[in-house]
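So the structure is just underneath, and the comments pick up after that.
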Amino acid sequence: MTANTDDSIAEHEQELDALRGERDGDEAGEGTSLELPRLSVDRRDFMKAAGALGAVSASAGCLGVLDGGDGGAGGQGTGTGGKGEHHVGPGELDQYYGILSGGHSGEIRILGIPSMRELMRVPVFNEESATGYGHDNRTSEMLANEGGDYRWGDTHHPRVSQTDNDYDGRWAFVNDKANGRMARIDLKYFETDAIVDIPNQQGTHGACCLLPDTKYVFGVGEFRVPMQNDGRDLDDPEAYSSTIAAIDPESMNVEWEVAVDGNMDNGDGGKEGRWFFTTGYNSEHGTTEAEMTKSDRDWVKAFDVPAIEEAVEAGDYEEINGVPVVDGTRESPLNQGDRPIVKYVPTPKSPHGVSVTPDGKYAIASGKLDPTCAVIDIEQLPEVDDPADAIVGRPRVGMGPLHTAYDGRGHAYTTLFIDSQVAKWDIEAAVDAEEGSEDPIVEKIDVHYNPGHLIASESYTADPAGDYLISLNKLSKDRFLNVGPLKPENDQLIYIGDDEGGMELIKDKPSFPEPHDASIVAADKIEPADVYDPEDYDAEYVDEDSAEVERIDDSTVHVKTYVKRNEYAFPEIRVQEGDEVTITATNVETTSDIVHGMAIPEYDIDLALVPQDTREVTFTADQPGVYWAYCSYFCSALHLEMRSRLIVEPSD
Ligand code: RUQ
Ligand code: CUA
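Whatever position you read off the sequence shown (first residue = 1), add 246 for this note's numbering.
Pasting the structure below:
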């Protein structure tokens, strides 16, 4: 390469760095409503203030303020409450991160909201080749060891850690319904950094944090199985059990479990650190659909966490597969006194979602097979003799209510699977109304079609933003071009910030199967890194000085290489047939977004290296020949030339 080429590439990189610097500078000083650069209050504050005053009257007035009057960069308001004010133009940043589960793809997805642009996919329980997840030693060992060595997972409920009932930007957690696991995603890197294979659980379905400070992450076991599942009790379903597991968010250890009667389903924690709620079905302990739906009652279970901790402390448990399991069944001695560890609140059959209101007053369970929601008064729970008396509201919301979210202005939003609608209703009005009344319903909006979960911005915190809601619809049917028999799902964005103007459908977003739940977090509450910090992991940092090909013994070679534009440390690496080769590769770039790969054809090697990251891979060089290691990320003008030749010499 000539000096000239070198110069012009260097110049180009400098320009890029300068541009990036400008962008970073801009960001630091501004609020989050980037589509409205001249507005001094951000939309969140505006909506809150307006909500408090009951002052959002005509949407035209609202848009007048939002537009800043001068049609600024993002000022595409139509003056009729149109889609314009939610428009995020090219180069503009979103207000929120949407963290969506990916179902049995095993991953989670990161969306920008309100644009609904998919920003990233984070592999969790699945191997993934673009990010090299499950291809380097660190992540493949995590999947194989702590992860239980399964090849896939089924993510449903991504929940973000909170401090003082607000997002702290540290971690997201997500369950694996398929293989009974919980994973942690480090939000500095948007990377899965821990997985725990939960003993005594098959089908970890519900997942959520104990608030206010994420003392535990709870995994809710759905399927009832024998607690020692080794061939005993096969035909005795009464001896099966399901548990909730309390996981320490730092160590990802399962601290204790509680075994209960009936299946469990979803879960949510109260805001004060005492109560944790699960829904469930199959109080009958059946094993067929007909058996599981016989009775017209099931339970919401309210777990009294400090009382459970006391029982664990006092040794009132059985250790099963290394975990203290506390007996929380109805007959348990721990449930007979005046402070039972689990309260069984009877509800109409098979309640599905449960979520605690932002003020921590109520846990609301959605009926699924019953057209009502059950509003449980959390303060009354310890007081009442009959837990049924803690149910203080039963609004009739519509057919197939599955999940409920909140706007922080006293409204609940419930998906109606069968009606293909989202119902907005007034929580206090439901407490005042007769059982089964439709009066608390404020409004319904059609969604397309068959919604499962829905989530409103920051709905799981004590202080929701109350502007956007996503309805995660199972069927898209005729809404998109036909791509064959497997249709995308449809995630619909609905604006809920205008109580007078009503809910407004803003966007359809086709989704690969299949998002379940989501969390929506204000953009400024997560601070992702731009490059890796080598202090954050154990691997050896390889630079120009430490690069070497080291023969450890007759059959072991360690290749330490730096990686940068446009070269690996060695144009040629020679090993012997049969050698076990470990490659340690560091991307020594410090400029963000300059990613390199190291792929070796026919050896199944696929490393992806973000700036300052080091990855290792170990393989046996069992096929003599010439193999070109190449860079799999298009990193620069000389990307194609970025190669190294692996030569495997025949052993004799
Ligand atoms: S569940 S569609 Cu896996 Cu959250 Cu209700
Ligand atoms: Cu490095 Cu392409």
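The beta-carbon is built from N, C-alpha and C at its ideal position, and this holds for glycine as well.
Keep in mind the model is a prediction, meaning the values are calculated, not measured.
Proximity test, residue i beta-carbon vs ligand 2 heavy atom, cut-off 7 Å
| i | result |
| --- | --- |
| C619 | no |
| M510 | no |
| Y814 | no |
| C455 | no |
| R811 | yes |
| M888 | yes |
| Y879 | yes |
| H842 | yes |
| H885 | yes |
Burial state of residue i (16 or more Cβ within 10 Å)
| i | result |
| --- | --- |
| G599 | buried |
| W874 | exposed |
| P617 | buried |
| E773 | exposed |
| Y527 | buried |
| Q408 | buried |
| P360 | buried |
| I444 | buried |
| K755 | buried |
| N728 | exposed |
| F726 | exposed |
| Q667 | buried |
| S286 | With a pLDDT of 34 at S286, under the threshold of 50, the modelled position of this residue cannot be trusted, and the question is left open. |
| N567 | exposed |
| G639 | buried |
| D898 | exposed |
| A548 | buried |
| S497 | exposed |
| Q738 | buried |
heavy atom of ligand 1 below 7 Å from residue i C-beta
| i | result |
| --- | --- |
| G599 | yes |
| D616 | no |
| G698 | yes |
| S381 | Note that residue 381 is His in the sequence shown here, rather than Ser. For ligand 1, not one heavy atom lies less than 7 Å from the Cβ of H381. |
| L648 | yes |
| H350 | no |
| D665 | no |
| D422 | no |
| D737 | no |
| D763 | yes |
Cα-Cα separation between residue i and residue j, rounded to whole angstroms
| i | j | result |
| --- | --- | --- |
| V571 | F522 | 17 Å |
| A440 | V368 | 13 Å |
| T438 | D432 | 6 Å |
| I637 | I673 | 13 Å |
| Q474 | P495 | 26 Å |
| Y413 | A793 | 42 Å |
| S351 | G393 | 16 Å |
| Y783 | I840 | 20 Å |
| S612 | V809 | 53 Å |
| Q260 | N696 | 51 Å |
| A298 | D763 | Unreliable positioning characterises A298 in this predicted model, as indicated by a pLDDT of 38, which lies under 50. The coordinate reading is nonetheless provided below. Computed Cα separation, rounded: 29 Å. |
| Y879 | A609 | 48 Å |
| I490 | V466 | 5 Å |
| V765 | D340 | Here residue 765 turns out to be Ser, not Val, going by the sequence shown. Straight-line Cα distance between these residues: approximately 15 Å. |
| G344 | T836 | 28 Å |
| A429 | E373 | 14 Å |
| I851 | I691 | 50 Å |
| E902 | N446 | In the structure as shown, the chain starts at 247 and stops at 898, and residue 902 therefore has no counterpart that could be examined. |
| L884 | A711 | 47 Å |
| G349 | T460 | 24 Å |
Residue i vs residue j beta-carbon contact at 8 Å
| i | j | result |
| --- | --- | --- |
| H804 | E813 | no |
| S601 | L615 | no |
| V702 | I742 | Here the sequence assigns Ala to residue 702, which means Val is not the residue at that position. Yes, Cβ-Cβ distance for A702 and I742 is below 8 Å. |
| R908 | G378 | A question about residue 908 goes unanswered here, because the residues of the chain that appear run from 247 up to 898. |
| T830 | E786 | yes |
| L457 | G519 | yes |
| L721 | L700 | no |
| G644 | A669 | yes |
| G654 | D584 | no |
| S683 | R642 | yes |
Residue i at chain B interface by Cβ criterion, 8 Å
| i | result |
| --- | --- |
| V841 | As a matter of chain content, chain B is missing from the structure shown, which is built from one protein chain. |
- Item | Any 3 or more C-beta pairs closer than 8 Å across the stretch 589 to 600 and the stretch 623 to 639 | yes
- Message: Tell me whether the stretch 501 to 518 and the stretch 391 to 400 touch, counting them as touching only if at least three CB pairs, one residue from each stretch, are closer than 8 Å.
- Response: no
- Okay, do the stretch 411 to 420 and the stretch 888 to 897 touch, 3+ Cβ pairs below 8 Å being the bar? no
- Just checking, does the stretch 847 to 858 make contact with the stretch 817 to 825 on the three C-beta pairs under 8 Å criterion? no
- Per the contact definition of three or more C-beta pairs closer than 8 Å, is the stretch 553 to 566 in contact with the stretch 478 to 488? no
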